[in-house]
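The structure appears right after this line, and notes come after that.
Number of protein chains: 2
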Amino acid sequence: MFVQQPIAILDSGVGGLTVAKEVMRQLPREKIVYFGDTARTPYGPRSSDEVVKFTREIVDYLVQFRPKMIVIACNTATAAALEDIRSRVAIPVVGVINPGARAAIGRTVTGCIGVIGTEGTIKSGAYEQALRELSPHVLVVSEACPKFVPLVEMGNFRSPETYETVRGSIGHLHSYPMDTLILGCTHYPFLTETISEVMGQSVKLISSADETAREISTILQDKRKLARGGTVPVHHFFCSGESRVFKTIAQQWLGEQIELTPVVWQVPNIS
Amino acid sequence: MFVQQPIAILDSGVGGLTVAKEVMRQLPREKIVYFGDTARTPYGPRSSDEVVKFTREIVDYLVQFRPKMIVIACNTATAAALEDIRSRVAIPVVGVINPGARAAIGRTVTGCIGVIGTEGTIKSGAYEQALRELSPHVLVVSEACPKFVPLVEMGNFRSPETYETVRGSIGHLHSYPMDTLILGCTHYPFLTETISEVMGQSVKLISSADETAREISTILQDKRKLARGGTVPVHHFFCSGESRVFKTIAQQWLGEQIELTPVVWQVPNIS
Numbered sequence: 000m001f002v003q004q005p006i007a008i009l010d011s012g013v014g015g016l017t018v019a020k021e022v023m024r025q026l027p028r029e030k031i032v033y034f035g036d037t038a039r040t041p042y043g044p045r046s047s048d049e050v051v052k053f054t055r056e057i058v059d060y061l062v063q064f065r066p067k068m069i070v071i072a073c074n075t076a077t078a079a080a081l082e083d084i085r086s087r088v089a090i091p092v093v094g095v096i097n098p099g100a101r102a103a104i105g106r107t108v109t110g111c112i113g114v115i116g117t118e119g120t121i122k123s124g125a126y127e128q129a130l131r132e133l134s135p136h137v138l139v140v141s142e143a144c145p146k147f148v149p150l151v152e153m154g155n156f157r158s159p160e161t162y163e164t165v166r167g168s169i170g171h172l173h174s175y176p177m178d179t180l181i182l183g184c185t186h187y188p189f190l191t192e193t194i195s196e197v198m199g200q201s202v203k204l205i206s207s208a209d210e211t212a213r214e215i216s217t218i219l220q221d222k223r224k225l226a227r228g229g230t231v232p233v234h235h236f237f238c239s240g241e242s243r244v245f246k247t248i249a250q251q252w253l254g255e256q257i258e259l260t261p262v263v264w265q266v267p268n269i270s
Numbered sequence: 000m001f002v003q004q005p006i007a008i009l010d011s012g013v014g015g016l017t018v019a020k021e022v023m024r025q026l027p028r029e030k031i032v033y034f035g036d037t038a039r040t041p042y043g044p045r046s047s048d049e050v051v052k053f054t055r056e057i058v059d060y061l062v063q064f065r066p067k068m069i070v071i072a073c074n075t076a077t078a079a080a081l082e083d084i085r086s087r088v089a090i091p092v093v094g095v096i097n098p099g100a101r102a103a104i105g106r107t108v109t110g111c112i113g114v115i116g117t118e119g120t121i122k123s124g125a126y127e128q129a130l131r132e133l134s135p136h137v138l139v140v141s142e143a144c145p146k147f148v149p150l151v152e153m154g155n156f157r158s159p160e161t162y163e164t165v166r167g168s169i170g171h172l173h174s175y176p177m178d179t180l181i182l183g184c185t186h187y188p189f190l191t192e193t194i195s196e197v198m199g200q201s202v203k204l205i206s207s208a209d210e211t212a213r214e215i216s217t218i219l220q221d222k223r224k225l226a227r228g229g230t231v232p233v234h235h236f237f238c239s240g241e242s243r244v245f246k247t248i249a250q251q252w253l254g255e256q257i258e259l260t261p262v263v264w265q266v267p268n269i270s
């Protein structure tokens, strides 16, 4: 009965589209319902309590579609609300922090792993905790990059300004012996080329988006809930506020037209 | 209560050590009990029924250690016996085929994926099935390489003879537009350098061993059964027949001394 139910993916805005795109590529039979909280982006500078409240509201909205899994495709919301949401719903809830941490441990040779994310994610220490839960021996270097999400939400992926912002935020990480850098925010894959230019070829970039899509596949298969059959799924996108830029970025990133429904909240949505 | 229980890993011989090594690296807190069926290696040319029987016998032996998970670290045994073993035990059972298939789909760009394995694995069509379960669009090219396992079990990883055997077995795969080749036998990572020389840099090699270790981590974490604490685990190795070469290869591959117990079967072990 579960196999034709959708996977629900949520984010503060367009960042979770990096997860959605990889799910579409790695699991082309799966139907997605996506929620971008564009009215309240960015989540990074907000308090943990506020992020938990917003995440609950989005989950309450998404459960009307009877999803078989909820994906918190936002590192800030995963750090703040993963356990809370898990305790509130009876279906699997996947965050984006464990998959990125696991992939980094799988790939590092030096054992020194870098993590970049929003202020909320970095301040929570969630990546250090996830990395240490898997392996006690890794060295972790973290850096908050509060300027990255606004660049992405404006669609400013590649420009001299973007390059200077990225270099100014993470250029100094070269002084550590890291060989692996976790893009600990689902918005950052939009900036992959620029981050790669700044960090150089010796540092492998781990996209929490790619890795999360793979773990969604692993967990759905383990629970025997993969979609079957030959039907091409129709995805649905929702956003809480600004929708024009969201739609432009989504269609450009996904390479296809999307059905986007702006949502009028039942609850006050601007704090 | 589960967290200090071991992970049970089984193989026809030394091949599963490639999985064990990655589990030790990616999950250094986990204790492993390993069984190599050196009395009856190789499994590749055997009938499916016989492989099921052997796998059941090994699992019946390993359950005495109260494992929290069973890993069938042999592609031939996974193809033949995964569903059978799953129906017989109440703990998670992980095979090596789905992880390799998933990783290949995650990495291919051309959509053409090669699979090499034993005769048993290739004849079963298990990789095609696993790949198509995830994605209906991939092109799969399969090739049985019956000469590889005996080379590995003798410890003959790099020699002119090994190179010629590998080139003769898979050199013709260059005529396909594949960009990803699944090493669909846990013995093959011992031959990675040679296979890589023959296939060239444009073809990414997917080790079912590395990928399986990662999925073990994902599933144990999802089920909240990861080992905790600071104790360094002591692993135990068992083999059913030849033990001297097994021990030499194991210690060389794992880079540490091992405790190896030759097992005298309660049941007749040579068919």
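As given, the protein sequences belong to chains A and B, one line each in that order.
Residue numbering for the first sequence follows numbering that gives the first Met the number 0, starting at 0 and increasing by one per position.
Residue numbering for the second sequence follows numbering that gives the first Met the number 0, starting at 0 and increasing by one per position.
Glycine included, every Cβ here is placed at the ideal spot set by N, Cα and C.
Computed from a prediction, not measured in an experiment: that's the story for all the values here.
(request) Alpha carbon to alpha carbon, how far is A:V231 from B:H171? Give it in angstroms, no decimals. (result) 35 Å
(message) For A:E210 and A:C144, what's the separation of their Cα atoms in angstroms?
(response) 21 Å
(request) Assign A:I71 to one of three DSSP states: helix, strand, or coil. (result) strand
(message) Distance cutoff 8 Å, beta carbons only. Does B:G105 sit that close to anything in chain A?
(response) B:G105 counts as touching chain A.
(message) One question on the structure: do B:C184 and B:N74 come within less than 8 Å of each other, judged by their Cβ atoms?
(response) yes
(message) Rounding to the nearest angstrom, what Cα-Cα distance links A:T179 and A:E196 in this structure?
(response) 14 Å
(request) Might you give, ordered along the chain, the residues of its own chain that have their beta carbon closer than 7 Å to the beta carbon of B:R65, omitting 5 neighbours on each side? (result) Q4
(message) In the DSSP assignment, the beta strand (DSSP E) including B:E29 goes from what residue to what residue?
(response) Careful: B:E29 lies outside any beta strand (DSSP E) and carries neither H nor E.
(message) Would B:V51 and B:A80 qualify as a contact pair, given that the criterion is a beta-carbon distance under 8 Å?
(response) yes
(message) According to DSSP, is A:V2 part of a helix, a strand, or is it coil?
(response) With a pLDDT of 49 at A:V2, under the threshold of 50, the modelled position of that residue is not reliable, and no figure is offered here.
(request) Could you work out which residue in B:S242, B:T217, B:G35 and B:G15 is closest to A:A129 when comparing CA atoms only? (result) With distances taken between CA atoms, A:A129 lies nearest to B:T217 out of B:S242, B:T217, B:G35 and B:G15.
(message) At a CB distance below 7 Å, what residues from the stretch 77–95 of chain B approach chain A? Give them in sequence order.
(response) none
(message) Taking a contact to mean a Cβ-Cβ separation below 8 Å, would you say A:E118 touches A:G14 in this structure?
(response) no
(request) Give a yes or no on contact between the stretch 22–35 of chain A and the stretch 130–144 of chain B, applying the rule of three or more CB pairs nearer than 8 Å. (result) yes
(message) From the DSSP secondary-structure annotation, give me the bridge partner or partners of B:V139.
(response) In the DSSP output, where bridge partners are listed per residue, B:V139 has B:I112.
(message) Just checking: is the beta-carbon of A:L150 within a distance shorter than 8 Å of some beta-carbon in chain B?
(response) Output row for A:L150: interface = no.
(message) Helix, strand or coil for A:Y126? Go by DSSP, reduced to three states.
(response) helix
(request) Look at A:E29 and A:A226 and say whether their C-beta atoms are less than 8 Å apart. (result) yes
(request) Report the three-state DSSP secondary structure of A:P261 (helix, strand or coil). (result) strand
(request) Could you list which residues in chain A have their beta carbon closer than 8 Å to that of B:G229, in chain order? (result) Under the 8 Å cutoff, chain A gives P135.
(message) At 3 residues or longer, what runs of the beta strand (DSSP E) sit wholly inside the stretch 45–94 of chain B?
(response) Those beta strand (DSSP E) runs which fall completely within the stretch 45–94 of chain B and span 3+ residues are 68–71.
(message) Can you find the residues in the same chain that come closer than 6 Å, C-beta to C-beta, to B:T164, ignoring five residues on each side of it along the sequence?
(response) Scanning its chain for C-beta atoms nearer than 6 Å, with the 5 sequence neighbours on each side dropped, one finds around B:T164 the residues K146, in chain order.
(message) Under 8 Å, CB to CB, which of the residues in the stretch 27–46 of chain B have a partner in chain A?
(response) P27 and R28
(request) Could you spell out where the beta strand (DSSP E) holding B:F236 opens and where it closes? (result) H235 to C238
(message) Among the candidates A:Y187, A:E142 and A:E152, whose CA atom is the shortest distance from the CA of A:I169?
(response) A:E142
(message) With a threshold of 8 Å between beta carbons, is A:R213 in contact with chain B?
(response) yes
(request) Output, in sequence order along the chain, the residues in the stretch 158–178 of chain B whose CB is closer than 9 Å to any CB in chain A. (result) none
(message) Give me, in chain order, the residues of the same chain whose beta-carbon lies closer than 7 Å to that of B:S201; leave out the 5 immediate sequence neighbours on both sides.
(response) Short of 7 Å from the beta carbon of B:S201, and not among the five residues preceding or following it, lie these beta carbons of its own chain, in chain order: D178.
(request) Inspect the CB distances between the stretch 248–264 of chain A and the stretch 109–126 of chain B and report whether three or more fall short of 8 Å. (result) no
(message) Determine whether the beta carbon atoms of A:V95 and A:I69 lie at a separation below 8 Å.
(response) no
(request) Identify which residue in A:K122, A:R85 and A:M153 has its Cα closest to the Cα of A:E241. (result) Looking at the Cα atoms, A:M153 is the closest of the given residues.
(request) For the beta strand (DSSP E) holding A:T179, just list the boundary residues, first then last. (result) T179 to L182
(message) For a test of the three-state rule: what should DSSP assign to B:I269, helix, strand or coil?
(response) Its pLDDT being 46, under 50, B:I269 is placed unreliably in this model, and the value from its coordinates should be taken loosely. If DSSP states are grouped into helix, strand and coil, B:I269 belongs with coil.
(message) Need the endpoints of the beta strand (DSSP E) that A:L204 sits in, please.
(response) K203 to S206
(request) Let me know if B:G116 comes out buried or exposed under the rule of 16 or more other beta-carbons within 10 Å of its beta-carbon. (result) buried
(message) Judging by CA-CA distance, which residue of B:G113, B:V32, B:V244 and B:F156 is the nearest neighbour of B:V58?
(response) B:V32
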